[in-house]
Each structure stands twice: as C-alpha cells, then as structure tokens.
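Input: a single structure, listed below in structure tokens.
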Amino acid sequence: MSTYEFGKIEKKWQRIWDEKNQYKMDTADMSKPKYYCLEMFPYPSGKIHMGHVRNYSIGDVVARFKKMEGYNVLHPMGWDSFGLPAENAAIKHGIHPHKWTMSNIEEMKEQLKMLGLSYDWDKEIATSTPEYYKWTQKIFLEFLKAGLAYKKNSYVNWCPSCETVLANEQVVQGECERCSTIVVKKELEQWYFKTTEFSEELLKDLDELEGWPEKVRLMQKNWIGKSHGANVTFKVNNMDKEITVYTTRPDTIFGSTFMVLAPESELARELVEGTEYEEVLDNFLAKMYTMTAIEREAADLEKEGEFIGRTVNNPLTGKEMPIWIANYVLADYGTGAVMGVPAHDERDEDFAKKYGLEIIPVIDEDDIMINSSEFNGMNKDEAFNSIIEKLENMGKGKKTVNFRLRDWLISRQRYWGCPIPVVYCDDCGIVPVKESDLPVLLPTDVEFTGKGESPLTTSESFNECSCPKCGKSARREVDTIDTFVDSSWYFMRYVDSNNFDEAFNTELVNNWLPVDQYIGGVEHAILHLLYARWFMKAFNKLGWTNHVEPFKNLLTQGMVLMNGSKMSKSKGNTVSPMEIIDEYGADTARLFILFAAPPERDLDWSDKGVEGCFKFLNRVYRLVDELSEIAHKNLQFGKLTKEDKEMRAKVHSILKKVTDDLSTKFGFNTAIAALMELINDIYKYKEMDDRNEAVIKEAIETVVVIVSPFAPHLGEELWEMIGKKGSVFDISWPKYDEKALILDEVELIVQVNGKLRNKIMVPSDIDQEGMKEAALNDAKIKEFIEGKSIVKVISVPSKLVNIVVK
C-alpha cells in the first residue's frame, strides 16, 4: 500500500494547475450564472499568518464548490500595498518602499500558492503600482469635479519631535509610537471626501443587506448615528453674532443654564478675539492638544473648562447664560457648541457642580414637564414637538435631523501612498492635473528621515511643475491619499484588471457586482466596509455603475487564538503556517482550520487537532488507494442486500448534508464531521464478505468529490487514482439520490419512561399504530412493562416510540 506523501502530491498539483491555467476565467463570459467570491486582500507584510490561512481557506471552499455547482466563478487576489510599514522600513533599513513592498508580495504570493488556493492570478492587482493608482487619481479628480472632494482646515495629530502628522493609530496613549513624544494638535489644510453626502442612503440601505451579520449592520448604523432634534439659535450679548446649537433634547431647553463651546472651534476664537480671554483660550488649547478625541469622549473624563467672558440669553426663559469652553465638547460634533442642561445630562451636571453653575430640573420622575412655563404638565415626548414649534414661530429654532457621520479626511503626510493629482498656482489657485498627464508618479529622489513633513517635500523634481491652466511655475500637492481609498474600489478593478483605458468597464462591473460573498475580519466592520459602500453610491451618482451596494453577503470570520489569546508576535504565541505546511501539508492546515470551529467564531489552535486532521487525511488516502482497483471497474448494483441499501443510504444522506451545509450556510465543520462519519462506515462495510463492489465504487467516488474543496491537492490525486480524467473541479457537484435514502426497513428506538430499552427494525413505511404494536410485542420490551399499567404511548414517525408506564 502506498504512503500519503503530501509534499510530492501538493507540489505536483500546484505545478499542473499553473501549467493548465486551471483557475483562469474570462469576466466577459456570461454563458453561466456568475458568482463573485472575494476575501479581503492583505497588506504585503512578507509572511502569511493563521488569520490569512483561515480567511482564504474559507473563500477557497466557497469558490470551488460554486464552480462545481455550475457557476462562472470570479475568485481574484491582490495586494493592499500602500501604507506606513513600508515607509518605516525605508527609515529603519534604508530600503526603498517599492522594493520592500514588491519583495514581500513575491514572498507572500508563493506562500498563498502553497495553500492551493484557486485564485486567477491574471486578475492580480497591487494598489501601489502606477497601473492601479493612475485610476485612484482619476477617481479623485472626478470626485473633485462632482463636489465630493474638497479641502478645508482641520486639526491633526502632530509629533513635535518627528515634526510630522500622525494617524490616530500611530498615537498610543497620547504619545508618538515612534519616539514616545507627547502628541499635540496642529491645524493644517486637509483634503476630504464628502461622506456625509450619502448619510441617509448609507443608513437606509443597511436594511437591504440581509446577507450581512446583524452585529455589523448595527455597528454601521451606530457609526452613521442618525438623530432627530432641533437647531436652536442663541444671540451673543453685546456682539452681532449668534450661536447655533444642535440638541436631541429640545424638551430640556428651559433647564439650560450655560453654553459650552469646543475650545478648537472657530467660534470660540472669534468670541475672545481682542479681549483678555485670548490668553485663557490659548492656554486651555495647549492642554487639549495633548489629548485624543477618544480620551475627551470618555465617560470618566474629569470635566475641565474656562469662562471666556461672553454670555447668551436662553431664547425661552430670557435668562443670561455664561459661555464656557470645555474639554468634553468636540469641534466636529454638531456645531461644536452645546447648551448645558445639568439637571438632565450627566456630563453637564459634573461640569456645573465643579464650577458652581445653576441646575434647574425641567422633567420629573414621571417624565412630566416642570419649570417649563406653558409646557408644564405635558409629557416630555409631547413637549418635544411643541417646544420646537414655538422656537420655529419665534425664529429661534428649526426641527433638524443630524448624523454622527463626518466627512472623510483623506490627506496623509506620507510618501508611500497615492499622490493627490492637484497643483498650486499663485495665479490660478488649486488646479487639477490633466487626465492625459496621469498618473502623477511618486518620485524616487526623496529622503526618509522620519522627521518633517511628507518625504515628498524633499523631492525638487516632484515639487516643481507647471500650472496645467496657465503654464506658469507651480508646486504639487505633497500629501498622499489615505490607503482606505485604495481598498474602497479594488473589487471593481478585479473585474477588469487589465484595462489600460479606464478604471473598469461599466458593463462588466454591472454584470459582476455586487460581490456575492465577501469574507474578512470583523475589525473592518465599520471603516473599510462603510467607505466601500460610500464609493459605490458615489460611482452610481457619477453614472459608472447601476449598483449602490458592493457586497451582497458578508462573512466576518473569527480570530485564530492560542490558549484563548489572539496570536501575536509580542505575546510569543504565534504558529507559522509554513511550519505546519512543511510538517503536515497544506491540505491538513486547511482541513484543521475549517474543522476546528464554525467560521464566524474564534478558533483555538490545537496541535493535537492538527495531528488528528493529518491522520484523517492519511485514512482517506489509504482507503481510496486500497479500493482504487474497484473504482476503475465498470459495475452495476444488481440485487442489493439490506446492508448494501444501508451503505447507499449513508452515502447519499452524507452527500445531502454536505451539499446543504455548503449551499445554505458555512457549515464546513459539520460537513467535515459528516465526511469522517462516512469514512468510518465505508471501512466497516468493505470488510463484509458479501460487499457490493458497485456500492463501494459509488461511495469512494463520493468521498473523493466531498473531500476535494477542503483538501484540493488530495482531491485531485485521489480523482486520478480512481481512474478519472481531468480535474475533479471541472465536474458537476453530484446530486444525491432521494430513492437511495428510502430504506425497506428503518431502525426504531424504543424507550420505556424515556429510557432507551431496545432498537428494533421495522418496515420504512410503517404507520404509527404499527410502530406501537411492534414496540409492545418486542420480547425485550415486554420484560420492562410486564405487570405495569401503560399510561400512554408516544411515537415519532419512523424514529421513536416511548411507552409511559406506572
């Protein structure tokens, strides 16, 4: 008997797949129904980890099964290859980001090929190549033209030591992750995408995404944060200026006793200008610049503030209200101003108690209005609209819908990102680069010091240019685009990745989108998925696609854990996929990761579990090898015995279960468990003296097909061993035989007072009365009921009889 030499088998089939272009497909071919299967593409760090193995193994099973079901399957892979790690490598090791990135891509691509994944590598993209980012730049220009991209001043995280802007993820506990200097806030002019343009659609269309996990839809809903309330106007005393406040609680206005502004707001600066309070604001701002937005929004934040010398009047009570700046109000929420209602807001209450401000309750414990003039006695919900109506009649307010969602800051002061295709001309202002001049290429003559502004500022060849409008001397934008932009449309480029004339062909994208199954980590539940959805709505507005949602179905797979903790290098609890592949083979690694837990749940790594899966594949190999001669024969079933029929019923019931598990849910673990059960039964059946070789042939062929999506190298090898031509993945997924599931006899479980007392064989078409009679007349059962009164007999058709006695 031959040995399961996984190393030779896997190399052999990877070579054959490459030579035959096994997974190449034409997106223009719509002769079959389409199925677009996509896993989130990786950052090319150079090494795949177990999270990659899990994500891509799940997608591969889906893609292979759908192809065998008769779909034209698009299953591409590429690289989210712009980003800060490449720039850090350039600073640390003196290697250019492009060289570092491309080297990592080649290394990871080889590793993914070793896993036997069914990717069409002709569709491969890398977001850091000019062939890709040319179209990212084109998209930016179209957004700019349509008013979906714009520039404005905003506050950024600034490291005084590195002299550079930091993304939020580079700020750790208020310090720069690179040098541990306290990070401050700095105002810079930045580019934005107008995500708020589609706030309502982003929220409403979540209801259509029935194939998404409810928790992900809820997370997005909360992030978008639609609320109903009112904009209320407060006149600043002794100034020709008004402050507009958005509130979700207009019913509490009678209890508003002070006004609080975000210290960064332009409004605060205008109110103190030319007064002694300018210094107060500057000193307070210096404190705020050392805090992150998350810290300032924390529930346990100690409230701090300063009076800035101005007052407003409450529009309904007429009472004078002092204006303060405070650390718990942010400039980018609402209007950056909050009316303090200390009796009915915990943060305002803490602030009022600390600074001795008046507290007036206006709603009692029964939600009835008090201290609210003509609204006293009303329920607060009734007063909500009545108070807004009064404010509107006074010209002091307006019913308003607000969203928590903010426009997307896309400027990054980095080198390794897509250059923003605009120039600055002293005469013409901001001027878009001509489309014929795209792509604006990243220069190579840059210095990577980790200090100062974007490394692009160090390149004279890049900075100095001519104005596309007037031809005079101009300078380029030196910020690059947030890498989330690259990943917000890559799934459309895959459809038409070799198109050099446009980002993608509209007809092709309309044919292939939405993605039928998207698979990736839950950590992308908000930003990436929200941005991709926004892009689809923007493209729809531009007429580039007739779709408004990118992903029909979404699976967020769980993490791979070690002893209950997430695998990480810092914890020293990682397992290298390459080591597992070397020792046990890629098919074993895949099988374990698919069998150990349902895909949406976290999976705890187990060396014993891996060994168990390896032993199982060896068992499958030995079984098929032993019986392969039978599989080569041309056989007929002939007359079947009871045991033959039971074996066939088992084969077709397992085939039915696996088909159901793969068709309607991601039941990989239960499908593999069913296959294990079938292997055990075949081993028993083959030892019978009067076994039917046609039944064995059918069973073996079924096993080979079922194992193939999970362990594709082994599947191909076994398919060849049993004398089949071509690839197992080119056949149609077999249909189970309903007739084979119907046996002449079925096993009936008989209980007495709920305890199993015997199993008896009865005709499969027996009725409930016949079941009762067979159970009561069974000799063994008679021993348990003799001399007792039968209270009742409960029966489950063709399965169980329970005799209740006393």
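Counted the way this note's numbering counts, the sequence shown spans residues 1213 to 2018. Backbone N, C-alpha and C fix where the C-beta goes; we use that ideal spot for every residue, glycine too.
| query | Comparing alpha-carbon positions, which option in Pro1810, Phe1804 and Asp1814 lies nearest Val1822? | reply | For the purposes of this step, residue 1822 is taken as residue 610 along the sequence shown, with counting starting at 1. Nearest option by C-alpha distance: Phe1804.
| query | Are at least three pairs of beta-carbons, each pair with one atom in the segment 1610-1620 and one in the segment 1401-1410, less than 8 Å apart? | reply | yes
| message | Quick check on the burial criterion: 16 or more other C-beta atoms within 10 angstroms. Buried or exposed for His1844? | response | By 1-based counting over the sequence shown, the position of residue 1844 is 632. Exposed.
| field | Where Asn1785 sits in the DSSP three-state scheme | value | The sequence position of residue 1785 within the sequence shown is 573, counting from 1. Coil.
| request: Spatial neighbours of Pro1425 within its chain, please: CB distance less than 7 Å, with the 5 preceding and 5 following residues excluded, ordered by chain position. | output: As a first step, residue 1425 is located in the sequence shown; it is residue number 213 there, counting from the start. So the list reads Leu1766 and Thr1768, once near-sequence residues are dropped.
| query | Quick one: what's Tyr1362 bridged to in DSSP? | reply | Counted from its first residue, the sequence shown places residue 1362 at position 150. BP columns for Tyr1362 point to Tyr1404.
| task | Would you kindly work out how many angstroms separate the C-alpha atoms of Lys1783 and Asp1816, rounded to a whole number? | result | Your numbering for residue 1783 matches position 571 in the sequence shown. Your numbering for residue 1816 matches position 604 in the sequence shown. Lys1783 and Asp1816: Cα-Cα distance of roughly 15 Å.
| task | Give the range of the alpha helix (DSSP H) segment to which Met1933 is assigned. | result | Here the question's residue 1933 lines up with position 721 in the sequence shown. Pro1924 to Met1933 is the span of the alpha helix (DSSP H), which, as asked, contains Met1933.
| Quick one: what does DSSP say His1264 is sitting in, helix, strand or coil? | To locate residue 1264, count along the sequence shown from 1; it is residue 52. It is helical.
| field | 8 Å contact criterion, which Glu1322 and Gly1290 should meet: CB distance rounded | value | On the sequence shown, residue 1322 is found 110 positions in, with the first residue counted as 1. On the sequence shown, residue 1290 is found 78 positions in, with the first residue counted as 1. In fact, because the Cβ distance is near 15 Å, the residues do not count as touching under 8 Å.
| request: From the DSSP output, read off the bridge partner residues of Tyr1248. | output: Position 36 of the sequence shown, counted from the first residue, corresponds to residue 1248. Beta-bridge pairing links Tyr1248 to Leu1286.
| Three-state secondary structure (DSSP) of Trp1312 | As a first step, residue 1312 must be located in the sequence shown, where it is residue number 100. Helix, per DSSP.
| request: Please name the residue, chosen from Asn2014, Glu1719 and Glu1985, that lies closest to Asn1965 on a Cα-to-Cα basis. | output: Position 753 of the sequence shown, counted from the first residue, corresponds to residue 1965. Checked all of Asn2014, Glu1719 and Glu1985; the closest Cα to Asn1965 is Asn2014.
| How close, in whole Å, do the beta carbons of Met1551 and Val1652 come, if the pair is a contact with beta carbons under 8 Å? | Translated into positions along the sequence shown, residue 1551 becomes position 339. Translated into positions along the sequence shown, residue 1652 becomes position 440. About 47 Å separates the two Cβ atoms, so there is no contact after all.
| request: Mind listing, in chain order, the continuous alpha helix (DSSP H) runs of no fewer than 4 residues lying wholly within the segment 1460-1491? | output: 1478-1484
| task | Scan the segment 1639-1688 and note each continuous alpha helix (DSSP H) run of 4 residues or more that stays entirely inside, going in chain order. | result | 1672-1675
| message | With the cut-off set at 9 Å, would you say Ser1840 and Ile1912 are in Cβ contact? | response | Reading the sequence shown from its first residue, position 628 is the one you call residue 1840. Reading the sequence shown from its first residue, position 700 is the one you call residue 1912. In this structure, Ile1912 lies closer than 9 Å to Ser1840 by Cβ.
| request: Quick one: measure Cβ to Cβ for Thr1459 and Leu1569, integer angstroms, because I've assumed they're closer than 8 Å. | output: As a first step, residue 1459 must be located in the sequence shown, where it is residue number 247. As a first step, residue 1569 must be located in the sequence shown, where it is residue number 357. That pair is no contact at about 18 Å.
| Proximity of Tyr1489 and Glu1516 at Cβ, strictly below 9 Å | Here residue 1489 is taken as the residue at index 277 of the sequence shown, counted from 1. Here residue 1516 is taken as the residue at index 304 of the sequence shown, counted from 1. For Tyr1489 and Glu1516, no; Cβs fall outside 9 Å.
| request: Determine contact between the segment 1291-1302 and the segment 1932-1951, defined as no fewer than three beta-carbon pairs at a distance below 8 Å. | output: no
| Can a CB atom of chain C be found closer than 9 Å to the CB of Val1396? | The structure shown contains no chain C, having only a single protein chain.
| Pick from Glu1838, Val2005 and Ala1952: whose alpha carbon is nearest that of Lys1898? | Residue mapping note: residue 1898 aligns to position 686 of the sequence shown, counting from 1. Of the candidates Glu1838, Val2005 and Ala1952, the one whose C-alpha sits nearest the C-alpha of Lys1898 is Glu1838.
| CA nearest to the CA of Met1748, picked from Ser1671, Asp1799 and Arg1705 | Position 536 of the sequence shown, counted from the first residue, corresponds to residue 1748. Ranking Ser1671, Asp1799 and Arg1705 by Cα distance to Met1748 puts Arg1705 first.
| message | Please state the DSSP three-state secondary structure of Asn1846. | response | For the purposes of this step, residue 1846 is identified with residue 634 of the sequence shown, where counting begins at 1. Note: Asn1846 maps to coil in three-state DSSP.
| field | Span of the beta strand (DSSP E), counted from its first residue to its last, around Met1606 | value | Here residue 1606 is taken as the residue at index 394 of the sequence shown, counted from 1. Counted as a single uninterrupted DSSP element, the stretch harbouring Met1606 is not any beta strand (DSSP E) but the alpha helix (DSSP H) occupying residues Lys1592 to Met1606.
| At which residue ranges does the segment 1499-1540 contain complete beta strand (DSSP E) runs of 3 or more residues, listed in the order of the chain? | 1517-1525 and 1532-1538
| said: Using 9 Å as the threshold, is the C-beta distance between Gly1733 and Met1779 below it? | reply: One-based indexing of the sequence shown puts residue 1733 at position 521. One-based indexing of the sequence shown puts residue 1779 at position 567. Not a contact, by the Cβ cut-off of 9 Å.
| task | Using only alpha-carbon positions, find the residue among Phe1880, Glu1389, Lys1363 and Gln1385 that is nearest to Cys1374. | result | Numbered from its first residue, the sequence shown carries residue 1374 at position 162. Here the closest residue by C-alpha is Glu1389.
| said: For a test of the three-state rule: what should DSSP assign to Glu1899, helix, strand or coil? | reply: If you number the sequence shown from 1, residue 1899 lands on position 687. Coil, per DSSP.
| task | Tell me whether the beta-carbon of Val1634 lies closer than 9 Å to the beta-carbon of Leu1356. | result | Along the sequence shown, read from residue 1 onward, the residue named residue 1634 stands at position 422. Along the sequence shown, read from residue 1 onward, the residue named residue 1356 stands at position 144. Yes, they are a contact pair.
| field | Segment contact flag, the segment 1239-1258 with the segment 1274-1294, C-beta cutoff 8 Å, min 3 pairs | value | yes
| said: From the DSSP secondary-structure annotation, give me the bridge partner or partners of Ala1715. | reply: Here residue 1715 refers to the residue found at position 503 of the sequence shown. None; Ala1715 has no bridge partner.
| said: By alpha-carbon positions, which one of Ser1366, Pro1288 and Leu1473 ends up nearest to Pro1534? | reply: Locating residue 1534 in the sequence shown gives position 322, counting from the first residue. Minimum Cα distance to Pro1534 is reached at Leu1473.
| task | List the whole-angstrom C-beta distance separating Tyr1730 from Ser1700, where the pair is believed to meet the contact cut-off of C-beta under 8 Å. | result | As a working note, residue 1730 is residue 518 in the sequence shown. As a working note, residue 1700 is residue 488 in the sequence shown. Actually they are not in contact, since the Cβ atoms of Tyr1730 and Ser1700 sit about 13 Å apart, beyond 8 Å.
| task | If I'm right that Gln1402 touches Ser1623 with Cβ under 8 Å, what's the distance once you round it to whole angstroms? | result | If you number the sequence shown from 1, residue 1402 lands on position 190. If you number the sequence shown from 1, residue 1623 lands on position 411. Their Cβ separation, rounded to whole angstroms, is 4 Å, which keeps Gln1402 and Ser1623 in contact under 8 Å.
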